[in-house]
Amino acid sequence: MDRETRFEGHRLIRAPLHRVWQVLSRLESHPRYANLWLTADLLERSQTSAVVEFRGFFGGLPITSVQRLVLRPPGRIEFKQIRGTLRGLSGAYVLKDAHGETDLMAQIAADPGIILFSDTSVQQILAAHIDGTLGKIKASAERDLARPAPRRAANAGEGVPARAAGAGGEPSHEEEDEADEPEAEEAVVVDAARGAPAEAEVPRPASGEPHGRRRRRRRRRHRGGGSKPPAPAG
């Protein structure tokens with residue numbers, strides 16, 4: 001095939017023009033959006049142009065394309081192949097403001113120079129490339145704008161009762177200790193009324209033991225007799 005096949009597509013992006021331009025002007029990131037390319041190596045770069053080597057697939061055929069890209073801010077990026085696997089490849093991205101949003105048009109023209117590809121197959125390849133590329137650019141440009149703002153005031157208000165009640169909404173250690181003290185004092189009074197000796201001080205739980213439980217002292221029992229046998233008479 002000795003003639004070019006052309007295709008173009010439009011997409012309305014709900015993002016300001018400068019945001020879409022910011023996405024497209026990162027030339028080394030084009031493989032993230034362009035369906036034809038897998039990698040991009042920046043060979044030369046100036047303020048208004050660049051030379052980039054792209055590698056990818058065209059209809060399942062591995063291809064390499066060294067292109068010169070010209071940036072015309074804020075609304076046009078042109079690219080044209082210098083050398084590569086295909087006989088010819090060129091195109092452009094055109095951005096227009098649409099009442100605060102962006103009308104993006106992508107154009108591409110390809111001449112594979114390979115008998116294997118018919119006009120119909122080349123048209124299908126270019127259509128899939130344009131449709132997929134516009135969809136990815138739209139998703140990337142709108143992604144940051146769609147994120148909701150953090151509810152700092154609501155989160156700050158919800159955190160106050162949680163700190164007052166302790167971590168996890170449970171009462172703090174001081175509150176547990178105060179809740180245990182009346183119960184301990186009541187137990188001492190009841191023991192005194194029954195005639196049992198009242199304890200002078202209720203032992204408090206150790207640092208490693210759970211709160212709300214009183215420690216009980218255990219008496220050791222001596223086995224086998226605790227007194228020494230009488231010494232034999234002299």
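In this note's numbering, the protein residues as written are 1 to 234. Beta carbons are placed, not taken as given, at the ideal position from N, Cα and C, and that holds for glycine.
query: In three-state DSSP terms, what is residue 140?
result: Stepping through the sequence shown from its first residue, residue 140 is reached at position 140. Helix at residue 140.
- prompt: Could you give the distance in angstroms between the alpha-carbon of residue 173 and the alpha-carbon of residue 13?
  reply: Along the sequence shown, one-based indexing puts residue 173 at 173. Along the sequence shown, one-based indexing puts residue 13 at 13. A caution first: residue 173 carries a pLDDT of 47, below 50, which makes its placement in the model unreliable, though a value can still be read off. Using only the alpha carbons, I get a separation of about 56 Å.
query: For the beta strand (DSSP E) that contains residue 83, what are its first and last residues?
result: The residue given as residue 83 occupies position 83 in the sequence shown. Per DSSP, the continuous beta strand (DSSP E) segment holding residue 83 begins and ends at 76–84.
task: Assign residue 100 to buried or exposed, taking buried as 16 or more other Cβ atoms, counted over all protein chains shown, within 10 Å of its Cβ.
output: As a working mapping, residue 100 is identified with position 100 in the sequence shown. By the beta-carbon neighbour count (other beta carbons within 10 angstroms, threshold 16), residue 100 is exposed.
Strand pairing of residue 37, partner residues [DSSP]: The residue given as residue 37 occupies position 37 in the sequence shown. For residue 37, the pairing in a beta bridge is given by DSSP as 56.
message: Looking only at its chain, what residues have a beta carbon closer than 8 Å to the beta carbon of residue 17, apart from the 5 residues adjacent to it on each side?
response: Along the sequence shown, read from residue 1 onward, the residue named residue 17 stands at position 17. Spatial neighbours of residue 17 in its own chain (CB-CB distance under 8 Å, excluding positions within 5 residues in sequence) are listed in chain order as 74, 75, 95, 96, 97 and 102.
task: Assign residue 112 to one of three DSSP states: helix, strand, or coil.
output: By one-based count along the sequence shown, residue 112 stands at place 112. Of the three classes helix, strand and coil, the one that applies to residue 112 here is coil, per DSSP.
message: DSSP three-state label for residue 22, please.
response: Residue 22 sits at position 22 when you count from the first residue of the sequence shown. Helix.
query: Counting pairs of beta carbons, one from the stretch 118–127 and one from the stretch 24–31, are three or more of them closer than 8 Å?
result: The stretch 118–127 vs the stretch 24–31: no contact.
- request: Could you tell me whether the Cβ atoms of residue 125 and residue 58 are closer together than 9 Å?
  value: Locating residue 125 in the sequence shown gives position 125, counting from the first residue. Locating residue 58 in the sequence shown gives position 58, counting from the first residue. In contact: residue 125 and residue 58 (Cβ atoms closer than 9 Å).
task: Report the three-state DSSP secondary structure of residue 99 (helix, strand or coil).
output: Position 99 of the sequence shown, counted from the first residue, corresponds to residue 99. Here residue 99 sits in coil by DSSP.
task: Would you kindly work out how many angstroms separate the C-alpha atoms of residue 84 and residue 56, rounded to a whole number?
output: Counted from its first residue, the sequence shown places residue 84 at position 84. Counted from its first residue, the sequence shown places residue 56 at position 56. Distance from the CA atom of residue 84 to the CA atom of residue 56, rounded to whole angstroms, is 11 Å.
- prompt: residue 30 lies in the beta strand (DSSP E); which residues open and close that run?
  reply: The residue given as residue 30 occupies position 30 in the sequence shown. For residue 30, no beta strand (DSSP E) encloses it, and the DSSP letter there is neither H nor E.
query: Cα separation between residue 134 and residue 38?
result: If you number the sequence shown from 1, residue 134 lands on position 134. If you number the sequence shown from 1, residue 38 lands on position 38. In this model, residue 134 and residue 38 are separated by some 16 Å (Cα to Cα).
message: Please report the distance separating the alpha-carbon of residue 8 from that of residue 129.
response: In the sequence shown, counting from the first residue as 1, residue 8 sits at position 8. In the sequence shown, counting from the first residue as 1, residue 129 sits at position 129. Looking at the two C-alpha atoms, the distance is approximately 10 Å.
query: Which residue comes first and which comes last in the beta strand (DSSP E) that contains residue 8?
result: Taking the sequence shown and counting its residues from 1, one reaches residue 8 at position 8. Element bounds for residue 8: 5–13.
- prompt: Just how far apart, CA to CA, sit residue 296 and residue 77?
  reply: An answer regarding residue 296 cannot be provided, because it is not within the stretch 1 to 234 covered by the chain.
- prompt: Can you give the Cα-Cα distance for residue 47 and residue 21, rounded to whole angstroms?
  reply: Translated into the one-based positions of the sequence shown, residue 47 becomes position 47. Translated into the one-based positions of the sequence shown, residue 21 becomes position 21. If I take the Cα positions, the gap works out to 15 Å.
CA nearest to the CA of residue 6, picked from 140, 139 and 110: Here residue 6 refers to the residue found at position 6 when the sequence shown is read from its first residue. Comparing C-alpha distances from residue 6 to each of 140, 139 and 110 shows the shortest one belongs to 110.
field: Proximity below 9 Å, CB of residue 19 to CB of residue 141
entry: Working through the sequence shown from its first residue, we reach residue 19 at position 19. Working through the sequence shown from its first residue, we reach residue 141 at position 141. Yes, they are a contact pair.
query: Roughly how many whole angstroms lie between the Cα atoms of residue 42 and residue 71?
result: Translated into positions along the sequence shown, residue 42 becomes position 42. Translated into positions along the sequence shown, residue 71 becomes position 71. One alpha carbon belongs to residue 42, the other to residue 71, and they sit about 15 Å apart.
message: My output table needs one value for residue 120: the three-state DSSP class, helix, strand or coil.
response: Residue mapping note: residue 120 aligns to position 120 of the sequence shown, counting from 1. Helix at residue 120.
Nearest to residue 136 (by Cα), restricted to the options 51, 10 and 4: Counting from one through the sequence shown, the residue named residue 136 turns up at place 136. Checking every option, the nearest Cα to that of residue 136 belongs to 10.
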